[in-house]
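Below is one structure; the comments refer to it alone.
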Amino acid sequence: MLSTRRQDFLIRALQQGRSIPIVIEGNCMHPLLVQGQRISVHPLLDEIKEGDVVLVRDQMNGFLAHRIISLGHDYVVTAGDRNHMSDPPVRRDDILGRLYIPEDQMLHQNPDQHQSTLIDSHGLSSEMKVVVHPDAIGDSYGEVLSHAFGVETIIAENPLSQLMSMREKGWTSIVIHQGARQHLSQLPHAASRVVVFAGYDVARETDESAGIIGMSDVDFVARTAVEYWNNLHAELSIAAIIGFHMRGTSVCHG
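Residue numbers (our numbering): 14 to 267.
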């Protein structure tokens, strides 16, 4: 969302302790930052923290002006406030500077204000289905979960027919993806009927022939893993999804 022209000059200026002006391209951070807005980037004089809006050099050697949503020992995860998916993790050294946001502008900014909120009259989900790719769970394990929790587990290589059918019947849809910005426990209480899709590829647009779920075709995109981009076993993820639903709690350790 930021022009890559004069990259070397801008990076050197920040490294030498000087602030630089940038022009925002795109609306990933709307309404905090908007297309064409001029804003200053300051050198990093203290430790970065979650919630900071920073200038990042991404994996394509371009620039992003996004918010820090997670910090690891040697990596940082960022995301645009309007984006459902986080950016790929980058090294701490790839954080070039911190954007100067006027205090009155920050006070009125809520990073989650663009997320849909679907709340039923009782505040808790009452019916659930889980649709899982066959590579993510075995038939026997799916049956065990279904019997143990009373939640129907449907194993399907291509989820699109199930997704469209459930949408037509008014079900709230959630797709699980390890790069999602929000954890399952951070989602608002959904409507009375929820269908969760796990083990499928997710992209901006739906590709029916490849079985890829488009983010615009579901109500929520969420992750179940505590850490970003890890290799949590799929069966544990699915158990966490069902366990969270059954417990009706705001804390999920999946």
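Beta carbons: idealized from backbone N, C-alpha and C, even for Gly. From a predicted model like this one, the values you see are computed outputs, not experimental measurements.
Considering only the beta carbon of each residue, do residue i and residue j sit closer than 7 Å?
i: residue 10; j: residue 235; result: Because the chain in this structure spans residues 14 to 267, residue 10 falls outside the shown range and cannot be described.
i: residue 54; j: residue 35; result: yes
i: residue 166; j: residue 151; result: no
i: residue 144; j: residue 191; result: no
i: residue 141; j: residue 157; result: no
i: residue 56; j: residue 30; result: yes
i: residue 102; j: residue 88; result: yes
Find the nearest neighbour of residue i within the set the options, judged by alpha-carbon distance.
i: residue 28; options: 49, 87, 110; result: 110
i: residue 206; options: 62, 182, 68; result: 182
i: residue 229; options: 186, 199, 194; result: 186
i: residue 215; options: 227, 209, 208; result: 227
i: residue 171; options: 184, 159, 149; result: 149
i: residue 32; options: 44, 50, 40, 68; result: 68
Check the C-beta distance from residue i over to residue j and give it rounded, since I have them as a contact under 8 Å.
i: residue 189; j: residue 211; result: 4 Å
i: residue 37; j: residue 48; result: 6 Å
i: residue 177; j: residue 208; result: In fact, because the Cβ distance is near 11 Å, the residues do not count as touching under 8 Å.
i: residue 112; j: residue 61; result: Not really, about 12 Å apart at Cβ, beyond 8 Å.
i: residue 1; j: residue 173; result: It is not possible to answer for residue 1, since the shown part of the chain is limited to 14 through 267.
Does residue i pass the burial test, meaning 16 or more other C-beta atoms within 10 Å, or should it be called exposed?
i: residue 64; result: exposed
i: residue 115; result: exposed
i: residue 213; result: buried
i: residue 75; result: exposed
i: residue 200; result: buried
i: residue 269; result: This structure leaves residue 269 out entirely; the chain is present only between 14 and 267.
i: residue 147; result: exposed
Can you list, in chain order, the residues of its chain whose CB lies under 8 Å from that of residue i, leaving out five sequence neighbours each side?
i: residue 24; result: 70, 109
i: residue 22; result: none
i: residue 287; result: An answer regarding residue 287 cannot be provided, because it is not within the stretch 14 to 267 covered by the chain.
i: residue 153; result: none
For residue i, which residues in the same chain have their Cβ closer than 7 Å to its Cβ, ignoring the five residues on either side in sequence?
i: residue 194; result: 82, 92, 96, 97, 98, 99
i: residue 40; result: 47, 48, 95
Check whether chain D comes within 7 Å of residue i, counting only Cβ atoms and requiring the distance to be less than that.
i: residue 105; result: Looking at the structure shown, chain D is missing, and only one protein chain is on hand.
Excluding the 5 residues flanking residue i on each side, which residues of the same chain have their C-beta closer than 6 Å to its C-beta?
i: residue 59; result: none
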